[in-house]
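Quick note: the sequence shown uses the working numbering, first residue 203, plus one each step. C-beta atoms are modelled at their ideal positions from N, C-alpha and C, and glycine is treated no differently. The structure displayed is predicted, hence computed values, not measured ones. Working notes, beginning with the structure itself.
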Amino acid sequence: MRITPNTDVCGIVLHPVGHTRSPAMHNAAFAALGIDAVYAAFDVPPERLGDAVRGARALGIRQLAVSIPHKVAVMEHLDEVDATARQIGAVNTVTRQGDRLIGSNTDWIGAIQALERERKLAGTRAVVLGAGGAARALVYGLVERGAEVVILNRTPARAQRLAEEFSAAGYGALSTLGDHPCDVLVNTTSVGLRSDESPVDPAALPKTALVMDSVYDPIETRLLRDAKQRGAQTLSGKWMLVYQAAEQIRLWTNREASVDILSQAFDAAK
Ligand SMILES: NC(=O)c1ccc[n+]([C@@H]2O[C@H](COP(=O)([O-])OP(=O)(O)OC[C@H]3O[C@@H](n4cnc5c(N)ncnc54)[C@H](OP(=O)(O)O)[C@@H]3O)[C@@H](O)[C@H]2O)c1
């Protein structure tokens, strides 16, 4: 593409920068939509986050994705955090509207749209593994769609707090998975991220559920392999990332990015 004085700048702030596929995905979507913008990755350590947001404001950066470890800390630097992101307690997207920086959360809708491509969620029994930031987004979305949600976590007290906050149906330890028959199972723990581990015993996995892992590196985690072997339908965290990226582009431009193009760019960026 040709970068001109009119080219808009977007990006992702995270630390460490590691291997993020977001620039590849967003730049591919911008090109396909004919949007004159570039998307870069910015390695911002926690002590520089305030400076980074002030810099983005001064430079007129149009949109920033916000990743680990900044999703909570970024909120105090913004002009406004929308009601959903406030309820989830995390911002993964900052969009400039005029001179104002608005915080939103697209993780929840990304996860829900990925799941809804396969199953209707209203009335389903869902189990969420984990009680951290991604779990908050998933639990919010599943409850909002009318699923009956049970939260299981290594530290059950955290699951209990989350269950109470979002009026989930139950909570417990990861080891109790077998006691909770479900139609949808989502892993939001970081177990399996760049490792061949699963957070749960394969024998406890449901045989007929839709199983999604929010971890997308590797694309097929140990949990998904185990679930497939049990006969369950599986969904990679890649799709959560793809749909949340499409939502970010919609928030900024009001245009619909192609899920296929985002997906192909994700694959090509490995
Ligand atoms: N696909 C996407 O678009 C997308 C979006 C957001 C996040 N994610 C992924 O979701 C994962 C979680 O992110 P997060 O922001 O929610 O992290 P987080 O807030 O740090 O939460 C981590 C969760 O993992 C659990 N956990 C960590 N180590 C564990 C272990 N050894 N055994 C059992 N449980 C363990 C923690 O349990 P305790 O409470 O007991 O510590 C907690 O529930 C990451 O891999 C991230 O890449 C994906």
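Integer-rounded CB distance, given that residue 265 should sit under 8 Å from residue 295: 7 Å
Helix, strand or coil for residue 379? Go by DSSP, reduced to three states. helix
Let me know the secondary structure DSSP gives residue 415 once reduced to three states. strand
Beta strand (DSSP E) runs wholly inside the region 424–457, at least 3 long, in chain order: 435–437
For residue 218, which residues of its own chain have a beta-carbon under 8 Å away from its beta-carbon, when the five flanking residues on both sides are left out? 245
Considering only residues of the region 222–264, which uninterrupted beta strand (DSSP E) runs meet the minimum length of 3 residues and lie entirely inside it, listed in chain order? 239–245
For residue 420, count neighbouring C-beta atoms within 10 Å of its own C-beta (all shown protein chains included) and say buried if the count is 16 or more, exposed if not. buried
Top-ranked residue by Cα proximity to residue 466, from 401, 441 and 354: 441
According to DSSP, is residue 518 helix, strand or coil? With the chain covering only 203 through 472, there is no way to say anything about residue 518.
Between which two residues does the alpha helix (DSSP H) carrying residue 461 extend? 461–470
Can you tell me where the beta strand (DSSP E) holding residue 405 begins and where it ends? Here residue 405 belongs to no beta strand (DSSP E), and DSSP marks it neither H nor E.
DSSP state of residue 330, grouped into three classes? strand
Let me check understanding here. Comparing Cα to Cα, which of 416, 424 and 411 lies closest to residue 403? 424
Count the CB pairs spanning the region 328–345 and the region 454–469 that are closer than 8 Å, and state whether there are at least three. no
Any non-hydrogen atom of ligand 1 within 7 Å of residue 353 CB: no
Drop a sphere of 10 angstroms on the beta-carbon of residue 228, count the other beta-carbons inside from all chains shown, and report buried for 16 or more, exposed for fewer. buried
Using 8 Å as the cut-off, can you tell me whether the region 363–383 makes contact with the region 332–349, which would need three or more C-beta pairs spanning the two stretches below that distance? yes
How long is the line joining the alpha carbons of residue 224 and residue 243, rounded to whole angstroms? 8 Å
Would you check whether ligand 1 has a heavy atom nearer than 7 Å to the C-beta of residue 227? no
For residue 457, the nearest candidate out of 291, 407 and 236 (CA to CA): 236
Is there contact between the region 276–284 and the region 388–407, where contact requires at least three CB pairs shorter than 8 Å? no
Please state if the CB of residue 339 and the CB of residue 313 are separated by a distance shorter than 8 Å. yes
What is the C-beta distance between residue 354 and residue 376, in whole angstroms, given that I count them as a contact (C-beta under 8 Å)? 5 Å
What separation, rounded to the nearest whole angstrom, lies between the Cα atoms of residue 464 and residue 281? 30 Å
Mapping DSSP to helix, strand and coil, what is residue 304? strand
Under 7 Å: does the beta carbon of residue 343 sit that close to some heavy atom of ligand 1? no
If you compare alpha carbons, which of 233, 256, 367 and 298 is closest to residue 453? 298
For a test of the three-state rule: what should DSSP assign to residue 323, helix, strand or coil? coil
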